[in-house]
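Take a look at the structure set out below.
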Amino acid sequence: MKTSAIFACILLPFALPAQVPDSIRLVTLEALQQSEETPVYVSSLLTASRDPVAAAAAFNFSAVRFKQRGYDADLLETGINGLPMQSLENGYAFWSSWSGLNEMLLNRQSVAGGKSNSFAFGLPGGFTHIDMRAGKQRRQTATGYAFANRQYTHRFYYARATGFNSKGWALAYSLVSRTGSNGYVEAADYNSHSYYAAVDKKAGTRHLFSLAVFGAATRAGRQAATLQQTAQLTNNNYYNAYWGYQDGRKRNSSYSIVHQPQLIATHDYHPNSHTSVITALGITTGSRKVTGLDWYNAADPRPDYYRYLPGYAANAAQRTQLEKAWAEDEEISQVNWNRLYAVNRANTATIYSADGMAGNHITGLRSLYIVQAAVNRIFRLAANSVLNTHVGRHAAFTAGISYQRQQNRRFKQINDLLGGDWFVDWNQFAERDDPGNNQVLQNNLDKPNRLVRQGETFGYDYSLTFSQAAGFMQLVYTLPHVDLFAGGNISRQQYFRTGYMRNGLFADNSLGRSATHAFTGYGYKAGFTYKINGRHYAYIQAAVISRPPLAANVYLSPRTRNTAQANAVAETIQTAEAGYLIHAPRLSIHASAYITQMKQGMKVLSFYHDEYRNFVNYALSNINKWHGGVELAAEASVTPDITFTAVAAVGRYYYNSRQQALVTADNSEEILEKATVYSKNYRVGNTPQEAYSAGITYRSPDAWFISTTTSYTRRQWLEANPLRLTAMATDNVSPGSDEFKDILQQTEWPAQYTVNLFAGYTCKAPYKRMANTWMTIYAGVNNLLNNTRIISGAYEQLRFDFESKSRHTYPPKMWYAQGTTFYLSINFRFQ
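Take 14 as the starting number for the sequence shown in our numbering and just add one per residue.
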């Protein structure tokens, strides 16, 4: 078939280079150098480029939730239109705000590790900047449909971008809808609707003003982590304990409901050909809700509650009977909605002096079971300005300042009373610990005996308010065969808690504003690249960063009181990396080695402690970690049409300190214990520490391609429960015995593999009336060999049986990666 007549040699929409709008022309430092009669300069490395290991992590290793270099998401930075997108509460980007807007996210630049960065100072995990401005979108109209058996089943999208017109205006907008009822997980339905609109306006040759608004309203049924026992009982690794039938229809008790829209205004100023100043102002608002069952002095409604399982049976006969029931009666493994409604409708009660009003005695159906929603409502205001300029022929200078203020208000509200008239806002655990004390019983002492109805707040209500001012500078110096850079930053962050309920347990320490906690952060980094020639490069870089602790790891129990850890300190991160790169016409290789040390980390865990028979706050400090390893990525063009790729990431991630634990009762200020957690030399869990992938792609001259990749991961450990790493756990157990070793053993998951297959085809419409219309068909199959034994995530329950000294009484909970999934899409572009 002759391609010149009909077909064009393009593969996918995202593989096409973005159209360059009529924006202000910038002269790069390299161009300035080459324009002078000076010694020949070897081209510098592009620091803002796609990291091949990060690409493999996003696609090939996603089934096992691979974390590159073992870093958590708070060590990766993301910016959009010149504005940082990290939440001050947890350090994570607001990914849900642009979920589904794939077509508008193609203009991105990534800086791996601690390299020089023209956007921000950066963190060890790297920096990704996404340009969603209207003028940066490809000038076209695009629409498409996709069918899949993954989290969603159907995806529709429409996008349009006008490019700049003769008056300097550019407009872009998009709508996306993703829906699905059931995939691999029962009752995990999914509905998400994303939107985007942006406008740009040039003002002369020096100014560009941009405004963008985008968001995604998502409601997704959640999947419960499963026990190995329940997976075996149901013969289903994707067993979901959150759902049951109600009136013949599936109903999930737990939903994630998210809508956090963003508004970003950007000003791009170019006073001359070698200087730019990008200033951005943004607002984030909206909320995130997670629903779930709640109950008061009633039997646990969860079907996988450990006391209901055969493993907890008192004898073999009872165990056999329960196993048979699980095998034969599907309702045993489900939430029994009819029973919850029946209990509430049969529970007539009288509450005396309801809502704090003497003589206000109310009789009605008191709900013992409800569906509650844990709400996190956010408002963030952020401003950022970055200057980039060239100083002479050799130097490039970058400086930036930013300010952010954010408030997260957290509370619980009634989502469904399940047939009752109201729910009483009492603390059942305080009632158990101090029966007859009406004060400690109240979640809100100023409104005692409060009756809560649909949509109303109960339980807790507080906010955390954050503010951060920061600045950074960086200098890059370029010589014929050497590039040097150095940079530094400084920040000041503070936060405080504000309580909106006077908790009966902490009447003097729950309502109103807490003390302000303030921390100073700093960082400095430096590196150099030796440019052997235009194809071979060697580099080394290092950084030291001190960053304030997260509020969640400072406050012991912000739901109930203002109390914070007494010795909150900043975490120190030291990192270094060296690498070698080859960029030849048919071969690209990137090899690197890295070491990262993190010191003085903090964390607060809240859970039921079996020894103290109480909910506790487990404040950990002196958390030190060591991450080290090597990464290798290669791409070879075997022929003009065939490309081979390979990636290897081999790391070792350890805890290298004995952590200190301060244990306090959740219902009092009493210090129950100060303990040493013998965590040294335990592996950092929940990510493979070795990952390998290989792939081969054939690109036909007739505008189609086919690609297959295989991945193999190993050395993945389960994060150890700190309770069993204390002296209390091994008390009266003989050192060196099998029981002793079993208590301290860290679980390692088996090695896993996946095979993926992708194909695509693009053609131009053969009719003159549709001369500027392109159609792309894309198909992908993940986990082609249907490996359903892949553990994508897991955690040890924060409980330990101190009586039997067994860590198996409360076994770990797991999520399994989906088996074979497919994705088929057809897209049309009109230019």
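For every residue, glycine included, the Cβ atom is placed at its ideal position computed from N, Cα and C.
What distance in whole Å lies between the Cβ atoms of glutamine 417 and glutamine 481, which are believed to be in contact at a cut-off of 8 Å? 5 Å
Might you give, ordered along the chain, the residues of its own chain that have their beta carbon closer than 6 Å to the beta carbon of glutamine 419, omitting 5 neighbours on each side? Leu101, Arg393 and Phe479
At a cut-off of 8 Å, would you count alanine 409 as near the ligand SAH, judging by its Cβ distance to the nearest heavy atom? Ligands in the displayed structure: none, and consequently the ligand SAH is not present.
Distance between histidine 283 and tyrosine 666 (C-alpha atoms, nearest Å): Spanning the two alpha carbons is a distance of roughly 45 Å.
Proximal residues to isoleucine 803 (C-beta, below 8 Å), its chain only, five neighbours per side dropped: Ala76, Val77, Gln765, Thr767, Asn796, Tyr829 and Ala830, listed in sequence order.
Using a Cβ-Cβ cut-off of 9 Å, state whether arginine 151 counts as contacting chain C. The structure shown contains no chain C; it holds only a single protein chain.
Apart from the five residues just before and just after valine 651, which ones in its own chain have a Cβ nearer than 6 Å to its Cβ? Phe657
Please say whether tyrosine 607 and alanine 589 have beta carbons closer to each other than 9 Å? yes
Nearest to valine 384 (by Cα), restricted to the options Arg696, Ser720 and Arg466: Arg466
Using three-state DSSP, classify methionine 486 as helix, strand or coil. Strand at methionine 486.
For isoleucine 756, name the three-state secondary structure that DSSP assigns. helix
Give the range of the beta strand (DSSP E) segment to which proline 284 is assigned. From DSSP, the beta strand (DSSP E) with proline 284 extends over 275 to 285.
With a 10 Å radius around its C-beta and 16 neighbouring C-beta atoms as the bar for buried, classify isoleucine 655 as buried or exposed. exposed
Mark aspartate 474 as exposed unless 16 or more other C-beta atoms lie within 10 angstroms of its C-beta, in which case mark it buried. buried
Mapping DSSP to helix, strand and coil, what is cysteine 22? At cysteine 22 the pLDDT is 32, less than 50, meaning the model places this residue with poor confidence; the figure from the coordinates comes in the next sentence. Coil at cysteine 22, not helix or strand.
On a CA-only basis, which of Tyr252, Phe841, Tyr836 and Arg842 is nearest alanine 159? Give me that one, please. Tyr836
Quick check on phenylalanine 843: buried or exposed, where buried means 16 or more other Cβ atoms within 10 Å of its Cβ? exposed
Of all the options Asn462, Gln613, Gln554 and Arg422, which has the alpha carbon lying nearest to the alpha carbon of phenylalanine 509? Arg422
Proline 748 versus leucine 114: straight-line alpha-carbon distance, rounded: Rounded to whole angstroms, the gap between the alpha carbons of proline 748 and leucine 114 is 56 Å.
Which runs of the alpha helix (DSSP H) at least 4 residues long sit entirely within the region 596 to 649? Give them in chain order. With a minimum length of 4 residues, no continuous alpha helix (DSSP H) run stays inside the region 596 to 649.
Where the alpha helix (DSSP H) through tyrosine 354 begins and ends: 350 to 358
Coarse secondary structure for lysine 149, derived from DSSP in three states: Assignment of lysine 149 by DSSP, reduced to helix, strand and coil, places it in the helix class.
According to DSSP, what are the bridge partners of tryptophan 182? Lys214
Consult DSSP for aspartate 64 and reduce its assignment to one of helix, strand or coil. coil
Suppose only complete runs of 4+ residues qualify. What are the alpha helix (DSSP H) ranges in the region 507 to 543, listed by chain order? DSSP runs (the alpha helix (DSSP H)) wholly in the region 507 to 543: none.
Sequence-distant residues of the same chain with beta carbon closer than 6 Å to alanine 44, five excluded per side: With a pLDDT of 38 at alanine 44, under the threshold of 50, the modelled position of this residue cannot be trusted, and the question is left open.
Taking glycine 642 as the reference, which of Lys215, Ser605, Trp182 and Arg406 has the closest Cα? Ser605
In whole angstroms, give me the CA-to-CA distance for phenylalanine 841 and alanine 201. 30 Å
Should lysine 538 be labelled buried (16 or more other beta-carbon atoms within 10 Å of its own) or exposed? buried
Could you spell out the range, first to last residue, of the beta strand (DSSP E) harbouring lysine 687? 684 to 690
Express the C-alpha separation of threonine 141 and leucine 42 in angstroms, rounding to a whole number. With a pLDDT of 38 at leucine 42, under the threshold of 50, the predicted position of this residue should be treated as unreliable, and no value is reported.
Give me, in chain order, the residues of the same chain whose beta-carbon lies closer than 6 Å to that of valine 399; leave out the 5 immediate sequence neighbours on both sides. Ile291 and Gly413
Run the CB neighbour count on leucine 24, radius 10 Å, all protein chains shown included, and call it buried at 16 or more, exposed below. For leucine 24, the predicted model reports a pLDDT of 29, less than 50, meaning its position is unreliable; a value from the coordinates is still stated below. Classification of leucine 24: buried, given that the 10 Å Cβ count is 16 or more.
Do the region 265 to 278 and the region 295 to 306 make contact, defined as three or more Cβ pairs closer than 8 Å? yes
Have a look at the DSSP bridge pairing and note the partners of aspartate 496. Thr491 and Thr542
When you compare only the Cα positions, how much space is there between isoleucine 37 and serine 559? Any reading at isoleucine 37 must be qualified, since the residue scores a pLDDT of 31, below 50, and its modelled position is unreliable; the value itself is stated next. Computed Cα separation, rounded: 37 Å.
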